[in-house]
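Going down the list, the protein sequences come from chains G and A.
The opening residue of the first sequence carries number -3 in the numbering used here; numbering runs sequentially from there.
The opening residue of the second sequence carries number -3 in the numbering used here; numbering runs sequentially from there.
Ideal Cβ positions, reconstructed from N, Cα and C, are used throughout, including at glycine.
If you're wondering where the values come from, they're calculated on a predicted model, not measured in any experiment.
Below: the structure, in structure tokens.
There are 2 protein chains.
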Amino acid sequence: MPKPTTSDRRAELLTLAAGLFAERGYKNTTVRDIADAAGILSGSLYHHFDSKETMADEILRTFLDELFRDYRAIIERESDPRRAFEQLVDASFQAIDRSHAAIALYQNEAKQLRQSPRFAYLDDTDREFREIWLGTLEKGIASGAFRSDLDATMAYRFVRDTVWVAVRWYVPGGKLTAEAVSAQYLSMILEGFQSRDQQ
Amino acid sequence: MPKPTTSDRRAELLTLAAGLFAERGYKNTTVRDIADAAGILSGSLYHHFDSKETMADEILRTFLDELFRDYRAIIERESDPRRAFEQLVDASFQAIDRSHAAIALYQNEAKQLRQSPRFAYLDDTDREFREIWLGTLEKGIASGAFRSDLDATMAYRFVRDTVWVAVRWYVPGGKLTAEAVSAQYLSMILEGFQSRDQQ
DNA sequence: CCGTACCAAGCAAACGATTGGTAGGGTAGG
DNA sequence: CCTACCCTACCAATCGTTTGCTTGGTACGG
Chain G
-3 MPKPTTSDRR AELLTLAAGL FAERGYKNTT VRDIADAAGI LSGSLYHHFD SKETMADEIL
57 RTFLDELFRD YRAIIERESD PRRAFEQLVD ASFQAIDRSH AAIALYQNEA KQLRQSPRFA
117 YLDDTDREFR EIWLGTLEKG IASGAFRSDL DATMAYRFVR DTVWVAVRWY VPGGKLTAEA
177 VSAQYLSMIL EGFQSRDQQ
Chain A
-3 MPKPTTSDRR AELLTLAAGL FAERGYKNTT VRDIADAAGI LSGSLYHHFD SKETMADEIL
57 RTFLDELFRD YRAIIERESD PRRAFEQLVD ASFQAIDRSH AAIALYQNEA KQLRQSPRFA
117 YLDDTDREFR EIWLGTLEKG IASGAFRSDL DATMAYRFVR DTVWVAVRWY VPGGKLTAEA
177 VSAQYLSMIL EGFQSRDQQ
């Protein structure tokens, strides 16, 4: 008894579109490309969506909702900044694994999309994102878990970029699991490259 | 005696185009946008360049030439892997400061441009880039300068992404100098976030 | 079990706007 | 007079989107 609640097809098309947006870029992907991939004509897409923008919007919102659900749960549950930090990194790599196309879209196009009023909510998203990470880092510096000479803002940019840009090379379902990458990245971020036992 | 060797205007237009490409993206920037910024009509651009692609090509080549000149000089001069690593990071941040728009263009569009045969040389560029960084890291691991349990490939991706993505937030001529950012990033990469004197 | 009504889904064909690019002529300075 | 530079005027292609219409299926009253 397959009951297509509020359209299965819609979600299917969104997945297709997300993949193309991620691969070729938003502007470089035409609605005809998406329709071709779905095996229908371009005009038929407008039975499901009222614009190309709507597709991108929906893809981003779905991903961001999931991510922030995870993020909020972590900082509410975990009071120790070091453990919270580790779990944030972990959750991020799991998100890259789970929502690969959406994150690639976000990473590559958010800057341009943001200029349209329709995507103004991305500014709020960024603010909360920053509060969560920066807050955790500052707590960790204050508690002595992280180095006291660390510039919190710079450290925030550092870890944010390092983690999220991994979407460029990470392949979901590949040899490297999200857990493995997360563990290695955490080790590099926390302990550094330098060997400990020298000097 | 200003002697416009092979056209001053050409370089001027390229700088303008690079800025727009970096800001709005390659595909999102029209030849009319570039012409407007230069105060001329779009058709007039074709007196200087035979295509939009040529502009992007020339912008990228100029930047890459400069970068690799610096990179090669470093690894030829500096045999100590730790010092070589530091200088590579340094040179990269100086490049971000100097060739900001070109690097933003490279970071955002290289993946798509690469698919055109015209930009096939970007593959060679990537290969040499990887050899330089990965070689330095491997030498450092072998020499004991870097942690022996470091996964060289992963470390390469880590530092490559971390350093170059800084182009997204770094502002040339802003409060933070390239030297300051480079020093802080090096400290984070080499020593990590974790506080040393605990446990 | 039939007929009516409605529905989601898609097709065929076209729309106006914008795109990168072209052709040929004008003009100012050396 | 030449060259560098720019303009006017236009082109074909492609873009996102709209239109009117067809199809297969489901729901339901009689």
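Measure the beta-carbon distance from residue i to residue j and round it to whole angstroms, keeping in mind my assumption that it falls under 8 Å.
i                      : j                      : result
residue 155 of chain G : residue 129 of chain G : 7 Å
residue 22 of chain G  : residue 134 of chain G : That belief does not hold up - the Cβ atoms of residue 22 of chain G and residue 134 of chain G are roughly 35 Å apart, past 8 Å.
residue 97 of chain G  : residue 14 of chain G  : 4 Å
residue 157 of chain A : residue 161 of chain G : 4 Å
residue 189 of chain G : residue 142 of chain A : 5 Å
residue 31 of chain A  : residue 41 of chain A  : 5 Å
residue 191 of chain A : residue 144 of chain G : 7 Å
residue 150 of chain A : residue 103 of chain G : So it is not a contact: roughly 19 Å between Cβ atoms.
Give every residue of the same chain whose Cβ lies closer than 8 Å to the Cβ of residue i, excluding the five residues on either side of it in the sequence, and list them in chain order.
i                      : result
residue 70 of chain A  : 80, 83, 84 and 87
residue 44 of chain G  : 3, 5, 6 and 9
residue 119 of chain G : 110
residue 62 of chain G  : 91, 94 and 95
residue 152 of chain A : 126, 129, 130 and 133
So which residues on chain A does residue i lean against when the C-beta distance must stay under 8 Å?
i                      : result
residue 187 of chain G : 143, 188 and 190
residue 154 of chain G : 158, 181 and 184
residue 51 of chain G  : The premise fails here: residue 51 of chain G is roughly 17 Å from chain A at the closest Cβ pair, so nothing lies under 8 Å.
residue 147 of chain G : 180
From the DSSP output, in three-state form, read off residue i for me.
i                      : result
residue 189 of chain A : coil
residue 45 of chain A  : coil
residue 1 of chain A   : Confidence at residue 1 of chain A is low in this model, with a pLDDT of 44, below 50, so the placement of that residue is unreliable and no value is reported for it.
residue 195 of chain A : Model confidence at residue 195 of chain A stands at a pLDDT of 46, short of 50, so the residue's coordinates are unreliable; what they give is reported in the following sentence. Correct three-state label for residue 195 of chain A: coil.
Please list, in chain order, all residues of the same chain as residue i whose beta carbon is under 7 Å from its beta carbon, the five residues on each side excluded.
i                      : result
residue 29 of chain G  : 16
residue 54 of chain A  : 10
residue 148 of chain G : 130, 133, 134 and 137
residue 60 of chain A  : 121
residue 48 of chain A  : 27
residue 74 of chain A  : 80 and 83
residue 200 of chain G : This structure gives no information on residue 200 of chain G, because the portion of chain G shown stretches from -3 to 195.
residue 77 of chain G  : 132, 135, 136, 139 and 141
residue 176 of chain G : none
Could you name the residues of chain A that residue i contacts, counting a contact when the two beta carbons are closer than 7 Å?
i                     : result
residue 86 of chain G : Going along chain A, no residue has its Cβ under 7 Å from residue 86 of chain G, so there is no contact; the nearest lies around 15 Å.
Please list, in chain order, all residues of the same chain as residue i whose beta carbon is under 6 Å from its beta carbon, the five residues on each side excluded.
i                      : result
residue 18 of chain A  : 97, 100 and 101
residue 34 of chain A  : 9 and 12
residue 184 of chain G : none
residue 57 of chain G  : none
residue -2 of chain G  : No answer about residue -2 of chain G holds up, because its pLDDT of 37 lies below 50 and its placement is not dependable.
Can you name the residues of chain G whose CB is closer than 9 Å to the CB of residue i?
i                      : result
residue 101 of chain A : Chain G residues near residue 101 of chain A: none, gap ~13 Å exceeds 9 Å.
For residue i, return the contacting residues in chain G, with the cut-off set at a CB-CB distance below 8 Å.
i                      : result
residue 151 of chain A : 184 and 189
Going by the C-beta, is residue i closer than 8 Å to any heavy atom of the ligand GTP?
i                      : result
residue 164 of chain A : Because no ligand of any kind appears in the structure shown, any question about the ligand GTP cannot be addressed here.
Report the residues of the segment 19 to 34 of chain A with a CB closer than 7 Å to any CB of chain G, ordered along the chain.
-> Under the 7 Å Cβ criterion, the segment 19 to 34 of chain A contributes 20, 21, 23 and 24.
Give, in chain order, every residue of the segment 159 to 174 of chain A whose Cβ lies closer than 8 Å to some Cβ of chain G.
-> Hits within the stretch, in order: 161, 162, 164 and 165.
Going along the chain, which residues of the segment 106 to 118 of chain G sit with their C-beta nearer than 7 Å to a C-beta in chain A?
-> Result list: 108.
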